[in-house]
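Residue numbers (our numbering): 102 to 243.
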Amino acid sequence: MTGTPAVEGFFDPEAQALIGSKCTGCGTYAFPARQGFCPNPHCGSDTVDLVPLSRTGKIWSYTSASYQPPPPFVPADPFVPFFILAVELAAEGLVVLGQAVAGTDAQDLRVGRDVEVVTDVLFTEDGENKLVWKFKLVEATK
Ligand SMILES: [Zn+2]
102 MTGTPAVEGF FDPEAQALIG SKCTGCGTYA FPARQGFCPN PHCGSDTVDL VPLSRTGKIW
162 SYTSASYQPP PPFVPADPFV PFFILAVELA AEGLVVLGQA VAGTDAQDLR VGRDVEVVTD
222 VLFTEDGENK LVWKFKLVEA TK
């Protein structure tokens, strides 16, 4: 999938991974990435590394967007309802919001279900894909 990130610095489309920060002193993760300070008030370190975050996690909560959000949201034309998931990332425990991929069925959404981070098109502008992370359900192994 070709294109450029819809927002710089949040997501690596090729690696299909969110970009966070990790404190070199205490190991605290943050998303979006913090630069120049650690978000842990007990730490005091000012050195953080940018790191790719877990590509898997579990649904922490979710909701449907049945009505078109206001700008700056760029809707598909015509607007297609979608789901917004709050996902707890596997290693970091951070809860990150994102859309579920198109075609996700409400019947399949459950708190605790495994999802993976994928690259998808948020919108297309002047023929160029603007890319964002979305969440895709991982099929349960039987
Ligand atoms: Zn720290």
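We put the beta carbon where it would ideally sit given N, CA and C, even for glycine.
Just to be sure I understand the criterion: a residue counts if its Cβ is closer than 6 Å to at least one heavy atom of ligand 1. Which residues meet that? Cys124, Gly126, Cys127, Thr129, Cys139, Asn141, Cys144, Ser146
Leaving out five residues before and five after Leu195 in sequence, what residues of the same chain have Cβ atoms less than 8 Å from its Cβ? Gly121, Tyr130, Ala131, Phe132, Leu154, Glu189
Quick one: grab the DSSP three-state call for Asp209. helix
Express the C-alpha separation of Phe224 and Arg211 in angstroms, rounding to a whole number. 27 Å
In the DSSP output, which residue or residues are listed as bridge partners for Thr164? Ile185
What's the call for Asp150, buried or exposed, on a 16-neighbour Cβ count within 10 Å? exposed
Range of the contiguous beta strand (DSSP E) that encloses Pro153: 149-153
Other residues of its chain near Val219: CB distance less than 6 Å, five sequence neighbours each side excluded: Gln117, Lys235, Lys237
What does a CB cutoff of less than 7 Å around Asp215 pick up in its chain, not counting 5 residues either side in sequence? Thr157, Lys159, Val239
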